[in-house]
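Structure first, then comments.
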Amino acid sequence: MSLLSATLIPIFFASAQSAPPPTPGAGMAPYKPKNLKVLPENTDLRKIMHQYTGDLGAECEFCHTMPDPVTKHPDFASDAVRRKDKVRYMIRMTNDLNDKYLTQLPDRDQDDPISCGTCHRGEKRPSVFVAPQRQEGNRQPGAPPMATPSASTPTHPATN
Ligand code: HEC
Ligand code: HEC
8 MSLLSATLIP IFFASAQSAP PPTPGAGMAP YKPKNLKVLP ENTDLRKIMH QYTGDLGAEC
68 EFCHTMPDPV TKHPDFASDA VRRKDKVRYM IRMTNDLNDK YLTQLPDRDQ DDPISCGTCH
128 RGEKRPSVFV APQRQEGNRQ PGAPPMATPS ASTPTHPATN
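Set out below in structure tokens:
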């Protein structure tokens, strides 16, 4: 490992264990990424990588190599963890959803971008959504609504 990365990677690692972030301009040169294929060079890696860990409920090592037993630092530039390429696809997909699709949405109500967490909700792999059962569900067309204790206060006014 080069002297450069040996000195700079602890910045990421320390913050992963919620140590106070180093003061900007405190003598540390900015980390120069070596293997970005999707994210722009000037990405705030600290911010975005912590967003990933939060959005997926995962540690850095879910996508990066285990820390080297001698240096104690993961090799963040390494592509040895194959999942990293899947994540690159996810990053492109999320960018496309925002840049190609939502920007074109007619009468868009909400400016919030889609993030990893929109789908992942703190899970490494998004679970399948199962809609809660509705009281009036599965009614035959034309059949009267089922009698329920709350029938006097209908929440779904008839639409046809
Ligand atoms: C969900 C997967 C995922 C998690 C979790 C994750 N990363 Fe990453 N990380 C990536 C991907 C993918 C790239 C490469 C992006 C690209 O190719 O543009 C990357 C790149 C990096 C880089 C740049 C390496 C280089 O020199 O090219 C650093 C540094 C980094 N991550 C640190 C971290 C740290 C620290 C954590 C934990 C706080 C973390 N990552 C958590 C997926 C992840
Ligand atoms: C539109 C919904 C959606 C968004 C947005 C999204 N994902 Fe995913 N993600 C999925 C689905 C669905 C899967 C399961 C894919 C499969 O079958 O392998 C998945 C799988 C993954 C996996 C593989 C998990 C495993 O078990 O190996 C990772 C890692 C991941 N996503 C990271 C990300 C990151 C990081 C982002 C944001 C840059 C992101 N995802 C954005 C839907 C999404």
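Residue numbering for the sequence shown is 8 to 167, as defined by my numbering. Backbone N, C-alpha and C define an ideal beta-carbon position, used for all residues, glycine too.
*Leaving out five residues before and five after P74 in sequence, what residues of the same chain have Cβ atoms less than 7 Å from its Cβ?*
H80 and P81
*heavy atom of ligand 2 below 7 Å from L109 C-beta*: No, ligand 2 has no heavy atom inside 7 Å of this Cβ.
*Examine ligand 2 and report whether any of its heavy atoms sits within less than 7 Å of the Cβ of T72.*
Checking the Cβ of T72 against ligand 2 gives no.
*With a threshold of 16 other CB atoms inside 10 Å of the CB of N42, please say whether the residue is buried or exposed.*
exposed
*Run the CB neighbour count on L112, radius 10 Å, all protein chains shown included, and call it buried at 16 or more, exposed below.*
exposed
*Mind reading off the beta-carbon distance from G64 to E130? Whole number of angstroms is fine, and I expect it under 8 Å.*
6 Å
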